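Structure first, then comments.
Numbering (our numbering), first residue to last: 19 to 192.
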């Protein structure tokens, strides 16, 4: 983390929606005269996965909790990169066709490094913490619920929970 002076900040743009996501809107939201760098990420539906033809993705989510987690990601970004000027975190729900965006992230800051690092942090943390689930629909009737590897990495093994409970005197068997 670099130690630049605190920058002007723009209110965060958080959105979980069934509407088509607009990258230009996200970039426009974070654009500011004090920002010398804007970094963005667009996650789109690809047309194949492990040799299967993808027709579309279907996203479901618990919107109030998703929005709360997105706000927490913004707070973490502003704590870790205090020079950040603007943040936009947008996630799509419902059916997302091939080539369409399911997630759009934009971050601005006085210097590029903060914006680049904050965007990488945002997508990794979003995939690990935000309660949105993806169903991948393939050609034919084949479909599969997908799990984000980032989410699995944040899970605490049950053995660790049991060990912690034992060490604090809790008996989970009763």
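Ideal Cβ placement from N, Cα and C applies to all residues, glycine included. Being a predicted model, the structure only gives us computed values, none of them experimental.
Proximal residues to residue i (C-beta, below 8 angstroms), its chain only, five neighbours per side dropped
| i | result |
| --- | --- |
| residue 48 | 28, 31, 56, 103, 104, 105, 106, 124, 125 and 126 |
| residue 94 | 139 and 143 |
| residue 79 | 34, 109, 111, 148, 149, 150 and 151 |
| residue 46 | none |
| residue 41 | 58, 60, 119, 122 and 124 |
| residue 96 | 27, 102 and 105 |
| residue 36 | 110, 111 and 112 |
Proximity of residue i and residue j at Cβ, strictly below 8 angstroms
| i | j | result |
| --- | --- | --- |
| residue 75 | residue 157 | no |
| residue 63 | residue 145 | no |
| residue 44 | residue 128 | no |
| residue 122 | residue 60 | yes |
| residue 132 | residue 101 | yes |
Exposure of residue i, with buried meaning 16 or more beta-carbon neighbours within 10 Å
| i | result |
| --- | --- |
| residue 90 | exposed |
| residue 87 | buried |
| residue 38 | exposed |
Chain-order list of residues whose beta-carbon lies under 6 angstroms from that of residue i (same chain, five-residue window excluded)
| i | result |
| --- | --- |
| residue 160 | none |
| residue 70 | 156 |
First through last residue of the alpha helix (DSSP H) which encompasses residue i
| i | result |
| --- | --- |
| residue 102 | Unbroken run through residue 102: none, as it is neither H nor E. |
Close Cβ partners of residue i (< 7 angstroms) along its chain, the five nearest in sequence each way excluded
| i | result |
| --- | --- |
| residue 83 | 149 |
| residue 67 | 154 |
| residue 50 | 26, 28, 103, 104 and 126 |
Unbroken beta strand (DSSP E) run spanning residue i, endpoints
| i | result |
| --- | --- |
| residue 5 | Absent from the model: residue 5. The displayed extent of the chain is 19 to 192, so no value can be given. |
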